[in-house]
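Below is one structure; the comments refer to it alone.
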Amino acid sequence: MSILIKGGRIIDPSQGIDEKGNILIENGKIKSFPKTAKKFEKDSKVKVIDAKGKVVSPGLVDIHVHLREPGFEHKETISSGCKSAAAGGFTSIVCMPNTNPVNDNASVTEYILLKARTEGIVNVYPIGAITKGEMGETLAQIGEMYEAGCVGVSDDGMPVMDSKVMRHAMEYVQAFDIPVISHAEDKNLSGTGVMNEGEVSTQLGLVGIPCASEDVMVSRDIMVAELTGARLHICHVSTAGSVRLIKAAKKRGVKVTAEVTPHHFILTDEAVNEYDTNAKMNPPLRGKKDRKAVIEGLKDGTLDAIATDHAPHSEDEKKVEFDLAPFGIVGLETALPLSLKLVEDGVLTLSQMISKLTDSPSKILNLGKGTLEIGCAADVVIFDPEKEITIERNKFHSKSKNSPFHGWSLKGLVEHTIVDGKVVYSA
Ligand code: DOR
202 MSILIKGGRI
212 IDPSQGIDEK
222 GNILIENGKI
232 KSFPKTAKKF
242 EKDSKVKVID
252 AKGKVVSPGL
262 VDIHVHLREP
272 GFEHKETISS
282 GCKSAAAGGF
292 TSIVCMPNTN
302 PVNDNASVTE
312 YILLKARTEG
322 IVNVYPIGAI
332 TKGEMGETLA
342 QIGEMYEAGC
352 VGVSDDGMPV
362 MDSKVMRHAM
372 EYVQAFDIPV
382 ISHAEDKNLS
392 GTGVMNEGEV
402 STQLGLVGIP
412 CASEDVMVSR
422 DIMVAELTGA
432 RLHICHVSTA
442 GSVRLIKAAK
452 KRGVKVTAEV
462 TPHHFILTDE
472 AVNEYDTNAK
482 MNPPLRGKKD
492 RKAVIEGLKD
502 GTLDAIATDH
512 APHSEDEKKV
522 EFDLAPFGIV
532 GLETALPLSL
542 KLVEDGVLTL
552 SQMISKLTDS
562 PSKILNLGKG
572 TLEIGCAADV
582 VIFDPEKEIT
592 IERNKFHSKS
602 KNSPFHGWSL
612 KGLVEHTIVD
622 GKVVYSA
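Residue numbers for the sequence shown follow our numbering, beginning at 202 and rising by one.
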């Protein structure tokens with residue numbers, strides 16, 4: 202079945218397109234941009250989707266997702282994670298290796314890809330671990346995982362503390378032209394911290410994680426990337442210091458890219474008030490100055506991409522005292538409306554915002570996604586940027602509901618998500 206998406210505002214930053222028009226999808230691919238819709242409307246073999254007043258853009262690409270399978274299927278499965286992605290407008294997601302077993306060898310990579318092919322409704326790209334078991338000691342089977350389909354390596358959730366191990370990883374990955382993705386955190390500085398170190402942590406009597414814990418490691422990783430010539434991608438940037446360091450490194454020509462999560466550009470550590478465990482994540486929500494700096498970093502291009510760090514945890518795991526709760530919140534189904542706030546606040550144009558969620562993240566990992574180019578796979582999202590919505594966590598397609606945005610009124614409704622020319626989600 203062919204699909205004609207009629208009369209929408211087509212925004213494809215990868216081709217510099219922002220204009221009203223039609224898109225024809227045939228055999229799972231973008232076929233053409235027909236001038237008029239008339240001839241297709243009469244064709245019973247063409248499904249017509251009216252996109253008047255809606256934005257039609259490349260399907261969103263999230264390069265930081267925890268799918269939890271294998272091992273933690275009570276939090277999320279590859280199937281439920283993909284459904285959550287589709288509901289959020291994402292057509293391609295990249296999954297982190299902190300599963301059980303850890304994705305540190307080709308057989309786990311193959312398992313994830315097989316499950317994704319048979320049960321997933323969006324494109325799934327695995328990240329392999331940097332070190333065996335994410336233990337930070339011995340390099341994982343990076344070459345074999347690359348051959349099996351991994352698009353990058355990371356010990357996300359667990360920083361690689363040993364700089365020499367990081368050096369070896371950065372030397373090794375260059376053979377495959379994939380980046381090392383860094384969860385930048387000095388574990389010793391973080392200590393037993395559970396939230397940002399500052400006024401709020403003092404008031405709440407909780408142990409803090411200083412900004413320096415991130416800055417020190419961003420700095421180290423940049424130095425090692427400079428030494429080795431490797432491509433480095435910094436995950437979930439949360440501090441003004443990181444933004445400053447990345448900006449300076451880019452200026453010097455270091456091959457570094459960076460992402461920021463919606464929760465870090467929307468919230469501050471004040472959200473932890475009342476000891477809300479749904480505001481507990483790593484890196485933690487920071488202070489006002491840091492939030493301002495990451496927003497500035499998005500605006501000036503220091504931060505290349507928006508990524509969710511979708512980290513599902515069950516209700517039981519989160520319904521404990523703050524110190525004991527696991528770090529992480531779900532993000533796939535709230536990312537688009539939260540990112541649209543950047544447009545409403547005049548930080549980014551709509552096209553720039555879409556770029557941070559499509560072609561820009563795709564480029565970081567060489568996915569070849571995030572575009573509506575003729576001949577490419579028809580991965581498309583149609584959304585209404587003006588439609589008022591209320592975030593209702595019980596309606597999430599994710600198995601987990603751990604979101605601090607429950608009850609928020611926002612703008613931006615995903616109407617349809619299309620993967621390989623098939624409608625995989627409709628509101
Ligand atoms: O908050 C987080 N949760 N940060 C991480 O780095 C890991 C993630 C998880 O796996 O739950």
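Cβ atoms here follow ideal geometry from the backbone N, Cα and C, with glycine treated the same way. For clarity, every value in this text was computed on a predicted model and none was experimentally measured.
A distance below 8 Å between beta-carbons, with the five flanking residues on each side excluded, links Glu348 to the following residues of its chain, in chain order: Ala307. Collapsing the DSSP output to three states places Asn595 in a helix.
Sequence-distant partners of Asp585 (beyond 5 residues in either direction) whose C-beta falls short of 8 Å from its own C-beta, in its chain, are Gly254, Lys255, Val256, Gly613, Leu614, Glu616. In its chain, beyond the 5 residues on either side, Asp387, Leu390 have a beta carbon closer than 7 Å to the beta carbon of Val417. Counted as a single uninterrupted DSSP element, the alpha helix (DSSP H) harbouring Ser552 occupies residues 551-557. By the Cβ neighbour-count rule, Val419 is buried, with 16 or more other Cβ atoms within 10 Å of its own. Considering only Asn223, Ile619, Gly321, Lys232, the residue with the shortest C-alpha distance to Glu242 is Asn223.
No heavy atom of the ligand DOR is found nearer than 7 Å to the CB of Gly488.
Judged by their CB atoms, Pro463 and Thr535 are nearer to each other than the 8 Å cut-off. Distances between the C-beta of Gly329 and the heavy atoms of the ligand DOR are all 7 Å or more. For the region 467-504, the full-length alpha helix (DSSP H) segments reaching 4 residues or more read 489-501 along the chain. Not one heavy atom of the ligand DOR sits closer than 7 Å to the Cβ of Asp477.
Taking one beta carbon from each stretch, the region 537-549 and the region 242-252 have fewer than 3 pairs nearer than 8 Å; the two do not touch. Taking every protein chain shown into account, the CB of Ala376 has fewer than 16 other CB atoms within 10 angstroms, so this residue is exposed. Around the C-beta of Arg453, fewer than 16 other C-beta atoms lie within 10 Å, and the residue is accordingly described as exposed.
Under a 10 Å Cβ-count criterion, Arg318 is classified as exposed, with fewer than 16 other Cβ atoms of the shown protein chains found around its own Cβ.
Inter-segment contact for the region 276-283 and the region 492-503 is absent: fewer than three beta-carbon pairs are separated by less than 8 Å. Secondary structure at Lys602: coil, using DSSP grouped into helix, strand and coil. Secondary structure note for Gly222: its beta strand (DSSP E) is the uninterrupted segment 218-227. Ranked by Cα distance from Val625, the options Glu274, Asn324, Asp251 are led by Asn324. The alpha-carbon separation between Ala506 and His265 amounts to approximately 10 Å.
Looking at Lys230, Glu522, Thr559, Glu220, the one whose alpha-carbon comes closest to that of Gly406 is Glu522. Nearest Cα to Ile212 within the set Thr572, Gly329, Asp524: Thr572.
A straight-line Cα-Cα distance of about 17 Å links Ile592 and Glu516.
Our two residues, Pro527 and Asn228, have alpha carbons roughly 44 Å apart in a direct line. Burial state of Met202 is exposed, judged by a 10 Å Cβ sphere holding fewer than 16 other Cβ atoms. Taken atom to atom, the span from the alpha-carbon of Ala441 to that of His275 is near 36 Å.
Under the rule that a run must span 3 or more residues, the beta strand (DSSP E) segments found entirely inside the region 383-465 read 433-435, 457-461. Taken from the Cβ of Phe523, every heavy atom of the ligand DOR lies 7 Å or farther away.
For Ser203, the uninterrupted beta strand (DSSP E) segment begins and ends at 203-213. Annotation for Ala512 indicates a beta carbon within 7 Å of some heavy atom of the ligand DOR.
Proximity of the beta carbon of His384 to the ligand DOR is indicated: a heavy atom of the ligand is located closer than 7 Å. Residue range 610-620 is occupied by the beta strand (DSSP E) that includes Glu616. Here Glu335 is buried, its C-beta having at least 16 other C-beta atoms within 10 Å. Distances from the CA of Lys333 to each of Asn595, Met367, Thr237, Leu539 were compared; the closest alpha carbon is that of Met367.
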